[in-house]
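The opening residue of the sequence shown carries number 11 in our numbering; numbering runs sequentially from there.
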Amino acid sequence: MSNIVVIGAGQAGASLVARLRKNGHEGTITLIGEETSPPYQRPPLSKAYLLGDMDLERLYLRPLSYYAEVRVDLRLGTRVDRIDPATRQVHIGDEVVPFDTLVLTTGSAPRRLPAAIGGALEGVHVVRDLTDVDAMEPRFGPGAKVLIVGGGYIGLEAAAVAAKKGLNVTLVEMAERILQRVAAPETSDFFRALHRENGVDIREGVGLDRLLGEGHVSGARLSDGTEIEVDFVIVGVGIAPGTALAEAAGLEIDNGIKVDAQGRTSDPAIWAAGDCASFPHGEGRLRLESVPNAIDMAECVADNIMGAGKVYVPQPWFWSDQYDVKLQIAGLNVGYDRIIARPGSSEGSASFWYYAGDRLLAVDAMNEPRAYMVGKRLIDAGKSPSPDAVTDPETDLKSLLK
Ligand code: FAD
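Below is the structure:
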């Protein structure tokens, strides 16, 4: 009976072990995680949990008792230092844990500001782990001045929570517009207007020159020469995949741990899934940073460990909550050449449909669940409605599915 070790007790690791047991794997399973909390959902960390609207227990993916019930040896607060593929062992300090099959679900780590520009000052936070959020939450008092560096989803969600809690929020985005890396200008415009209505001072095309302060951050000099006072800073400038263990073990890396279409790394006994893994996609490779990808890929890898021989084909979707707006995204917009705007069905709602030629690639739906649902079903089925039908407010969206 094979002995499976999984490194990384996050979304993908938890999904993988559950699936292995569901599939009837009878051998031992060890799930090793550096954090001290049982596997939990990260999305609420920059949304409901940060706002104080969600209890800790509701973050957990499953109650702690579940892991013992399904005979998963969950080892929390345990960092794996090294993998030895030749002897099939992982090293935790002086302890050695053998494996027949190893899975890497090591996630990703937030990029931090260099110490040379003040990144190591007290009061400079990132949002990745529960401990990050618990450390910054007491600073969220009304009237506090927060600088958010980075206008991606995490920075914008943190800005929305801070504004709702009555803080003075300044957000700087070095690129020409917020969400530039991930969304069309129309979506950026929608969220810029939403944040400005809520009092957030968004400055685009403006980077951070350096943070100021002795010991604790007290100010920031921006790239346009402006200096502002700050009480604390939240840095949301992207993440790097957790490849260190794999790289040191000599596994192939290509924008993440390189896996084949089934999720196997360059060593046939070692697999990878979730944020840390890049998989074949079209002519190239893709690495996704989302909950749906972590779950679906982990489940596919679990099936393949048990011999299913499945190819991992992602069906991407994503969401973001800011103020009273729920953004739902279906598909991947990479390579789009035009945007079709569909008027919203109520005030403050809208949807933007991304096309490459006549092919529908993705939909951004703001408070438009129906546009999201129809768009997702169309994209998953490889169908593309005519842009004229999409843009016509008289079109019943469901009719596009026929
Ligand atoms: P993780 O959940 O990060 O788990 C990896 C785990 O591996 C970590 O616990 C880490 O400590 C552990 N680990 C790493 N190295 C070692 C080691 N050497 N030894 C032991 N343990 C190790 N996605 C969405 O789809 N929608 C959202 O709205 C959304 N919002 C987000 C908001 C925030 C604030 C964050 C941080 C992420 C958000 N995401 C969202 C992304 C989503 O949470 C991730 O894509 C998902 O958690 C990836 O799962 P994973 O298992 O690959 O990695």
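Just so you know, even glycine gets a beta-carbon here, dropped at the ideal spot from N, CA and C. Since this is a predicted model, take the numbers as computed values, not measurements.
Query raised in the report: CB-CB under 7 Å to Val107, same chain, minus the five flanking residues each way: which ones, in chain order?
Result: Taking the sequence shown and counting its residues from 1, the one referred to as residue 107 is at position 97. Around Val107: Val15, Thr40, Gln99, Val100.
Query - Pairwise C-alpha distance: Gly34 and Leu74 - result: For the purposes of this step, residue 74 is identified with residue 64 of the sequence shown, where counting begins at 1. For the purposes of this step, residue 34 is identified with residue 24 of the sequence shown, where counting begins at 1. Each residue's alpha carbon lies about 21 Å from the other.
Report task. Give, in chain order, every unbroken run of the alpha helix (DSSP H) that is at least 4 residues long and sits entirely within the segment 53-101. Result -> Under the rule that a run must span 4 or more residues, the alpha helix (DSSP H) segments found entirely inside the segment 53-101 read 58-61, 66-69, 74-79.
Query raised in the report: For Gln338, which of helix, strand or coil comes out of DSSP?
Result: To locate residue 338, count along the sequence shown from 1; it is residue 328. Gln338: strand per DSSP, three-state reduction.
Query raised in the report: Considering only C-alpha positions, which residue in the set Asp94, Ala154, Ala308 is nearest to Phe242?
Result: Here residue 242 is taken as the residue at index 232 of the sequence shown, counted from 1. When each option's Cα is compared against that of Phe242, the closest is Ala154.
Report task. Would you identify the three-state DSSP class for Ser233, choosing helix, strand or coil? Result -> As a working mapping, residue 233 is identified with position 223 in the sequence shown. DSSP places Ser233 in coil when its eight states are reduced to three.
Query raised in the report: For the segment 285-298 against the segment 115-134, are there 3 or more C-beta pairs whose distance is under 8 Å?
Result: yes
Query raised in the report: Among the residues of its own chain, which have a CB less than 7 Å from the CB of Ser25, if the five just before and after it don't count?
Result: Position 15 of the sequence shown, counting from 1, holds the residue named residue 25. Correct list, in chain order: Ala304, Ile305, Ala308, Glu309.
Query raised in the report: Between the beta-carbon of Glu45 and the beta-carbon of Asp139, is there less than 8 Å?
Result: Along the sequence shown, one-based indexing puts residue 45 at 35. Along the sequence shown, one-based indexing puts residue 139 at 129. In this structure, Asp139 lies closer than 8 Å to Glu45 by Cβ.
Requested in this report: Measure the Cβ-Cβ separation of Ser359 and Met376 and say whether it is below 8 Å.
Outcome: On the sequence shown, position 349 is the one that residue 359 refers to. On the sequence shown, position 366 is the one that residue 376 refers to. Yes, the Cβ-Cβ distance between Ser359 and Met376 is below 8 Å.
Query - Cβ contact check for the segment 188-204 and the segment 323-343: 3 or more pairs under 8 Å - result: yes
Query raised in the report: Relative to the C-alpha of Thr253, which residue among Ser233, Gly246, Asp270, Thr275 is closest?
Result: The sequence position of residue 253 within the sequence shown is 243, counting from 1. The shortest C-alpha separation from Thr253 is found at Thr275.
**Report entry** Whole-angstrom distance between Met316 and Asn13, CA atom to CA atom
**Finding:** As a first step, residue 13 must be located in the sequence shown, where it is residue number 3. As a first step, residue 316 must be located in the sequence shown, where it is residue number 306. Cα to Cα, Asn13 sits roughly 12 Å from Met316.
Report task. Using the Cα positions of Pro78 and Val321, report the straight-line distance between them to the nearest angstrom. Result -> For the purposes of this step, residue 78 is taken as the residue at position 68 of the sequence shown. For the purposes of this step, residue 321 is taken as the residue at position 311 of the sequence shown. According to the sequence displayed, residue 78 carries Ala and not Pro. Their Cα atoms are separated by approximately 31 Å.
**Report entry** Spatial distance of Glu67 from Pro395 (CA atoms)
**Finding:** Counted from its first residue, the sequence shown places residue 67 at position 57. Counted from its first residue, the sequence shown places residue 395 at position 385. Going from the Cα of Glu67 to the Cα of Pro395 covers about 43 Å.
Report task. Could you say which of Val90, Gly43, Ile244 lies nearest to Arg122 if we only look at CA atoms? Result -> Reading the sequence shown from its first residue, position 112 is the one you call residue 122. If we check each option's Cα against that of Arg122, Ile244 comes out closest.
Query raised in the report: Anyone know if the C-beta pair for Val182 and Leu222 falls short of 8 Å?
Result: Here residue 182 refers to the residue found at position 172 when the sequence shown is read from its first residue. Here residue 222 refers to the residue found at position 212 when the sequence shown is read from its first residue. Not a contact, by the Cβ cut-off of 8 Å.
Report task. Measure the C-alpha to C-alpha separation of Ser198 and Phe289 and round it to an integer number of angstroms. Result -> Counting from one through the sequence shown, the residue named residue 198 turns up at place 188. Counting from one through the sequence shown, the residue named residue 289 turns up at place 279. Cα-Cα distance, rounded: 29 Å.
Query raised in the report: Is Phe289 near ligand 1, with its Cβ less than 7 Å from a heavy atom?
Result: Position 279 of the sequence shown, counted from the first residue, corresponds to residue 289. Every heavy atom of ligand 1 is 7 Å or more from the Cβ of Phe289, so no.
Query raised in the report: Do the segment 53-73 and the segment 214-229 touch if we need at least three Cβ pairs shorter than 8 Å?
Result: no
Report task. Just tell me which of Leu84, Arg352, Arg31, Gly266 has its CA closest to the CA of Ala19. Result -> Looking up residue 19 in the sequence shown gives position 9. Here the closest residue by C-alpha is Leu84.
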